[in-house]
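Undergrad: Each step along the sequence shown adds one to the number in the UniProt record's numbering, with nothing skipped, and position 1057 is 1057.
Each residue gets a CB set at the ideal place from its N, CA and C atoms; glycine is no exception.
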Amino acid sequence: MWRLSLSLLSLVTRISAVTIPPGIFMQAPFDVFYKAGETVEIQCVADGIPRPNYKWKRNGIEFNPSGNDDRVVQLANVGTIVFTKPEDKDEGIFQCFAENNYGVSTSIKDFQIGPDTTVSPRLGQPLTLNCVPPESIPPPQVFWIAKKTGGGFDALNLDARVTMDHEPTEELSPVTYMWASPEDHFGLRGNQFKVKCIFSGNPTPDVHWVRTDGAPLPDRAKILAFGMEMVIDNLQFEDAGTYECWASNSNTQTRVQRTVSVRVESVPYWLLEPQDVEIGVGGTAQFDCLAKAVPTPEYWWFINGVPLQNVKDSRITPDRFKRPRPDRIVFENVNREDAMVIQCNATNKHGYIWGDVYLNVLSEAPTILTPPDPEKLVAEGTSVNLTCRVAGKPDPIITWYKDNQQISGGRYKIMPSGELYIKQVVLSDAGLYTCEARNIFNVTSSSGKLLVRRKTLIEQKPLDLEVNAGTDAKFTCSGTTDPEEVDKLQIKWLKDNKEISAVVQRMTTNKQDNSLTISGTIVRDSGSYTCVATNGLDQEEASAMLTVRDRPDSPSEVKVEKCATQNATVSWIPGSYNNAPVQYYVIQYNTSFSPDTWNFGVRVDSMYSIANVSLTPWVNYTFRVIAYNKIGESDPSFPNPIICKTNAERPRIHPQNLRTIGDRPGFLHIEWTPMPEIQQNGPGFQYILQYEREGYPTGVQQFPIDDWRVREKYFAVGNQIYEPYIITLKAKNSVGDAMQDPPKIRGFTAESIPNTVPETFQAEQVEDTYAVLTWEFDYQQINKTPTAINGEFRGFKVRTVPGPVAFFRPINIGDNHVNLEWKPPDENRGDILGYDIGYQLVKGLDLGEMQERDPQIDDPYATTAMLSGLLSTNRYRVYIWARTSKGRGESYFIEIITTEAGDPQAPRFAITDVGRTYINVTWWINPYAKSGTVVFVEYRREDAPEWLKSTDEVISTWKNISGLESGTTYELRVVATTGNVRQASHIERVTTDGIAIASALVGNIGWFVGMLLALILLIALIVVFIMLFRKGKRFKPRSSPSGSYYGGDAANYTGTYPDSKPMSTYLSFLPLLWRALLPLDKDYSRDYDDYDDNRENHAKNYPKSGRGRMPSDAPYEDYERKPSGSYDPDVDMNEPTRFDRHGAPKDSRPRNDSHGSGPPASSTFTFNNKYTRRSSHMQTPSAREPETRSRLIRSPAKKGGVI
């Protein structure tokens, strides 16, 4: 037993000692394809002892299947990985590694490195090294490297001597003929015919087929098998001929060819097939059996199935039965016993055709099967058939009569069917027509009436039209017809011979004049339009062409054929010209500096579709093309998809318009036009500004400016006035300085007001329409530095009243107002202070009394105004004058007519201020409304029955309602009126400040009793305090961080009481108590402090402007600002104390003055009442006035003031 156990243990030990390295025996193919959303599996199974472990690499990088959001799992005990939701990012080359302690097995990566090859070319001889990369998507990039002597590698640089061919070199061979169909080949008509040629060669030859007679291949021919086979379907006789097949490739200089002769034969087919014959007794029956075939067919005839040569029938006799030619037999003088069946056979070597017909001999009296219509209506000028179909054997003879007169010849023709054909009937053709049928057995007839109507005519034909797209096109057409058919006359319209459908809503027919209107025409509306006038019997047509011209379609396929530093070649495909020929094209471009802006590049004549565009260095260009015709421009084409990039260069120019401006005393102000990025030609762009004072060469100053957007520089120069400086400005970038020489100018520091004036100014001659002015001046002061002129001499200016405004027009006319617009006078002749507007009522030829706008316009910069207070539906003459200190200038007038009275709109309004005895109301109306610009305010006490009305406002948009009672609630509304119609706004309730008068208190007993008790309590407290004071009691004053009860502003608000007056300590709380007794809730605080309510009793030093202050044209002297003890960030302590009503410092805006330039003026002027007239030696007077600059400081809302 022990021996057996020992043996088993030894066997187990030996088995456990067996090991096998891993080996992958199951793996996925190299290419594994998948569809999005479907599971894909990459297999990897290996054997080995011990069991191997698996690892994966993706594109050479270790890949962990468990780290992919559960999308990838590895099957247990094997290396197979499964992608449950494959994505595009999973694409790659996966390699499996199976590993145990005795080795690693890898899956095939399918990329083998071939063995090294040593080549030894002779010096100077060319050498080609082949490299065939593995197939991949996308294609791999191939690089060549050279091994260095030390063992490293260097990338091989390709140049003119070393190049790389991206396609592998193949062995080339010329074209060789291998096999072709027989040279003489035939096919049967109607069948499919095939012929073939086979050639070999590398590259694969291109095979072509042609006819040697130069005719094109049949339409039914197809080239198959990569050109080697020609197949002709439904072969016909005209396909016969000689065909040639030839082949060539890039390695064959001459083509290799073979010819095939094609013949076409056929089975017999009918040209004239035998027909059944029914004939009367005594007639002649003819049977034709005509066929065609290649070879020519033979004809065989049979009688009742017996060959004609074998027939023993007694009816077949040579005198009656004849065969004049092989394809025809004739049977003469037939009788009823001659009925039989006749057969014909046409045959050749390819087949035959068979015809089987009968001969039937009849004896029948004539019968009219289809008689003439009892009444037939036709139109004049048309042709007509009168029906008369008959039957009978022998065939009846047809005779026609009109009004019992036999018809023959001319426009009349009796057809084989028996019908009577009348060509182009006339009115006299109307009558009774009779058809008579006659044979040996009988005679029969039938009659019918023919009515002829006058023909339908088109009187007014449509005319050809040419219109622009988007406009309407109208065709007119009218017609006449026979009076008996007028009620049936219709006009129809066709487009390109198709009736216009009622579904096309843009094409409508007017039933009144039968016109056709095409609304909003488009290019495809172009075509032939036909007017059809018809009454059901006949019709007449007239056509006209509509040509709709439109902007051309945009060009397409814009390409950059060449992109160089200096220019680019752009090509395009023209679009449709839409019936208006293209006149020219414009190439536009945008750049990376301004991608949203398209700039003009070049204009190109319409005959070209390629052009050169000049470019600028260091710019990315994109191009598009626009076509132009006489209608307009096309939509832009799509930009070219490939950007044109240019290289960097030095700038080509320096900044332009370098100049000095003398606008700031004590400074040298230098200004220029910045160079945009497209002119900078490269990175690292900057300006180099250099200046020196003239006569001081050692004081050269130079400043680099890196920001290309800078357009000016100020340099402090002290008190220098109009001192000359030499200034240079150049441009440069990282490539170098600009190509041109930099500009150099002589500039000056700031100018000042001249210290000299003309002397002995006088009017030597004054006439009715002009005046001659003279003065003296020292011209030696001109162009000198320093000089009393203190600047550049620009001439003299004579001040007088201005000329008329440049234009004057209404921009909106209502029923009681007009909105006006004007442009300042071209001849100012002084500083304009404002404008005056007046108007007169026009009654026929009479003008009413001149009335003036109130207030007039004091803003010299105003160009619009509203004139209100007019009457509806009246003519007015409206005047305007520009006004200077010398008075009104020349007038300019227009005439307007006010509209009919309309319904005004209720204004929107707001309560802007509330005081003890007043309320300020501001409203908003549309100044361009047609009605309702006259506004007034209605108000009443809350318990009053009647409304009170303010005065009308025609200019202002606010109103002060004064004379009210304090502490009283009022109802207000704003009313817009035209004089006849009024429209009121909503009602708003407002309570004035303060305490209501006694009469009001009586109405509120509870509130009155409360006030009375509070007053008694106050008196009691005062008595107590006085008694305590007399007894020597004192109260310590309440301190505060600011030193007073009301803070740092207490001195300004209540006055400061020194400690030497102890009574103030006890009584300082009384204002607070008084405030506590007053109501604190107010609906309209309007940003005013609560402690301001009782300011009239306390604030000796506080300004009394208050909330009752109304905006006016008065200056801001009344709005004094006194700083408080606390810091207010909105108040500038140095702020001016004089402002105009707009909140701007006085005289802050520059005067409206015209400036001119020119040489010095002479000292003699002549004036007339229209314009300034100069003598022949005068120069244009002009003067530059110093620019006025102003600073507008925001005024914060303070208590007691109106901002």
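Which residues does DSSP list as the beta-bridge partners of P754?
TA: Here residue 754 refers to the residue found at position 754 of the sequence shown. Bridge partners of P754: none, in fact.
Undergrad: Helix, strand or coil for K349? Go by DSSP, reduced to three states.
TA: For this step, residue 349 is matched to residue 349 along the sequence shown. Three-state result, K349: coil.
Undergrad: When you compare the CB positions of I727 and I653, do they come within less than 8 Å of one another, or not?
TA: Along the sequence shown, one-based indexing puts residue 727 at 727. Along the sequence shown, one-based indexing puts residue 653 at 653. For I727 and I653, no; Cβs fall outside 8 Å.
Undergrad: Can the beta-carbon of P904 be found closer than 8 Å to that of M866?
TA: Walking along the sequence shown from the start, residue 904 turns up at place 904. Walking along the sequence shown from the start, residue 866 turns up at place 866. No, Cβ-Cβ distance for P904 and M866 is not below 8 Å.
Undergrad: According to the Cβ coordinates, are G214 and T252 closer than 8 Å?
TA: Numbered from its first residue, the sequence shown carries residue 214 at position 214. Numbered from its first residue, the sequence shown carries residue 252 at position 252. Not a contact, by the Cβ cut-off of 8 Å.
Undergrad: For the beta strand (DSSP E) that contains Y589, what are its first and last residues?
TA: Mapped onto the sequence shown, residue 589 falls at position 589. Unbroken beta strand (DSSP E) run through Y589: Y584 to T591.
Undergrad: Taking contact to mean at least 3 C-beta pairs separated by less than 8 Å, is the segment 626-637 in contact with the segment 649-667?
TA: No: fewer than three Cβ pairs fall under 8 Å.
Undergrad: From D472 to T509, what distance separates their C-alpha atoms?
TA: Translated into the one-based positions of the sequence shown, residue 472 becomes position 472. Translated into the one-based positions of the sequence shown, residue 509 becomes position 509. Cα-Cα distance, rounded: 13 Å.
Undergrad: Give, in chain order, every unbroken run of the beta strand (DSSP E) that is at least 3 residues long and sits entirely within the segment 394-469.
TA: The qualifying runs are 397-402, 412-414, 420-422, 431-438, 443-453, 457-460 and 465-468.
Undergrad: Relative to the C-alpha of I832, which candidate in G838, F808 and T863 has its C-alpha closest?
TA: Mapped onto the sequence shown, residue 832 falls at position 832. Nearest C-alpha to I832: T863.
Undergrad: Just the Cα atoms here: how many angstroms apart are T337 and V361?
TA: Residue numbering aside, residue 337 sits at position 337 when the sequence shown is read from its first letter. Residue numbering aside, residue 361 sits at position 361 when the sequence shown is read from its first letter. As written in the sequence, residue 337 is Glu, which differs from the Thr given in the question. So the two alpha carbons sit approximately 8 Å from each other.
Undergrad: For K349 and D276, what's the separation of their Cα atoms in angstroms?
TA: Taking the first residue of the sequence shown as 1, we reach residue 349 at position 349. Taking the first residue of the sequence shown as 1, we reach residue 276 at position 276. Taking the straight line from one Cα to the other gives about 28 Å.
Undergrad: In the DSSP assignment, the beta strand (DSSP E) including D913 goes from what residue to what residue?
TA: For the purposes of this step, residue 913 is taken as residue 913 along the sequence shown, with counting starting at 1. Here the beta strand (DSSP E) through D913 covers R908 to V914.
Undergrad: With DSSP run on the structure shown, which of helix, strand or coil describes N579?
TA: The residue you call residue 579 lines up with position 579 of the sequence shown. Three-state result, N579: coil.
Undergrad: Sorted by chain position, which residues of the same chain lie with C-beta nearer than 7 Å to T591's C-beta, five sequence neighbours on each side aside?
TA: As a first step, residue 591 is located in the sequence shown; it is residue number 591 there, counting from the start. Cβ neighbours of T591 beyond the five flanking positions: V619, N620, Y621 and I678.
Undergrad: Using a Cβ-Cβ cut-off of 8 Å (strictly less than) and excluding sequence neighbours within five positions of G718, which residues of its own chain qualify?
TA: Here residue 718 refers to the residue found at position 718 of the sequence shown. So the list reads G666, once near-sequence residues are dropped.
Undergrad: My output table needs one value for G48: the three-state DSSP class, helix, strand or coil.
TA: Start at 1 with the first residue of the sequence shown, and residue 48 comes out as number 48. Residue state, collapsed to three classes: strand.
Undergrad: By the 10 Å Cβ neighbour count, where 16 or more other Cβ atoms means buried, how is D815 classified, buried or exposed?
TA: Position 815 of the sequence shown, counting from 1, holds the residue named residue 815. Its Cβ being crowded by 16 or more others within 10 Å, D815 is buried.
Undergrad: First and last residue of the beta strand (DSSP E) that includes C96?
TA: Counting from 1 along the sequence shown, the entry for residue 96 is found at position 96. Residues F94 to N100.
Undergrad: What are the boundary residues of the beta strand (DSSP E) that includes N202?
TA: Translated into the one-based positions of the sequence shown, residue 202 becomes position 202. Counting along the chain, the beta strand (DSSP E) containing N202 begins and ends at F193 to N202.
Undergrad: Specify, as a first and last residue, the run of the beta strand (DSSP E) that D206 falls within.
TA: Here residue 206 corresponds to residue number 206 of the sequence shown, with the count starting at 1. Taken as a continuous stretch (DSSP letters only), the beta strand (DSSP E) holding D206 covers D206 to R211.
Undergrad: Going by C-alpha to C-alpha distance, which of D319, R323, P297 and T296 sits closest to Q309?
TA: For the purposes of this step, residue 309 is identified with residue 309 of the sequence shown, where counting begins at 1. It is R323 whose Cα lies nearest to the Cα of Q309.
Undergrad: How is the beta strand (DSSP E) around A285 delimited, first residue to last?
TA: Counting from one through the sequence shown, the residue named residue 285 turns up at place 285. Segment A285 to D288, the beta strand (DSSP E) holding A285.
Undergrad: Is the separation between the beta-carbon of N783 and that of P754 shorter than 8 Å?
TA: Sequence index remark: in the sequence shown, residue 783 carries index 783 (1-based). Sequence index remark: in the sequence shown, residue 754 carries index 754 (1-based). The answer is no: Cβ separation not under 8 Å.
Undergrad: Using the DSSP secondary-structure output, state which residues sit across from W179 in a beta bridge.
TA: Counting from 1 along the sequence shown, the entry for residue 179 is found at position 179. Answer by DSSP bridge pairing, in chain order: I198.
Undergrad: Considering only heavy atoms of the ligand MN, does any lie closer than 7 Å to the CB of D836?
TA: Absence of the ligand MN is noted for the structure shown, with no ligands found whatsoever.
Undergrad: So V818 packs on V878, CB below 8 Å; how close in whole Å?
TA: For the purposes of this step, residue 818 is taken as residue 818 along the sequence shown, with counting starting at 1. For the purposes of this step, residue 878 is taken as residue 878 along the sequence shown, with counting starting at 1. Confirmed, Cβ separation roughly 7 Å.
Undergrad: Look up V264 in the DSSP assignment and give the residues it is bridged to.
TA: Reading the sequence shown from its first residue, position 264 is the one you call residue 264. Paired residue(s): G187.
Undergrad: Rounded C-beta distance between E971 and E942? I'm assuming under 8 Å.
TA: Within the sequence shown, residue 971 is the residue found at index 971, counting from 1. Within the sequence shown, residue 942 is the residue found at index 942, counting from 1. Yes, they are in contact, since the Cβ atoms of E971 and E942 sit about 6 Å apart, within 8 Å.
Undergrad: Less than 8 Å separating the beta-carbons of R624 and N578?
TA: Here residue 624 refers to the residue found at position 624 of the sequence shown. Here residue 578 refers to the residue found at position 578 of the sequence shown. Not a contact, by the Cβ cut-off of 8 Å.
Undergrad: Measuring straight from C-alpha to C-alpha, what distance separates residue 1206 and I837?
TA: Summary: the structure shown does not reach residue 1206, with the chain confined to residues 1 through 1203, and so no result is reported for it.
Undergrad: So the candidates are V78, T749, V378 and P639; which of them puts its Cα closest to the Cα of R454?
TA: Working through the sequence shown from its first residue, we reach residue 454 at position 454. The shortest Cα separation from R454 among V78, T749, V378 and P639 belongs to V378.
Undergrad: For the beta strand (DSSP E) containing L961, list its first residue and its last residue.
TA: Along the sequence shown, one-based indexing puts residue 961 at 961. For the sequence presented, residue 961 should be read as Ile rather than Leu. W958 to I961 is the span of the beta strand (DSSP E), which, as asked, contains I961.
Undergrad: Would you mind sorting Y861 into buried or exposed? The rule is 16 or more other CB atoms within 10 Å of its CB.
TA: Stepping through the sequence shown from its first residue, residue 861 is reached at position 861. When all chains shown are included, Y861 counts as exposed.
Undergrad: Within a Cβ cutoff of 7 Å, which residues of the same chain sit near I961, ignoring the five residues on either side of it in sequence?
TA: Working through the sequence shown from its first residue, we reach residue 961 at position 961. Once the five neighbours on either side are set aside, the close Cβ partners of I961 are Y918, I919, V921, V937, Y939 and S950.
Undergrad: If you drop the 5 nearest sequence neighbours on each side, which residues of the same chain put their C-beta closer than 7 Å to that of D859?
TA: As a working note, residue 859 is residue 859 in the sequence shown. Result list for D859: G834, in chain order.
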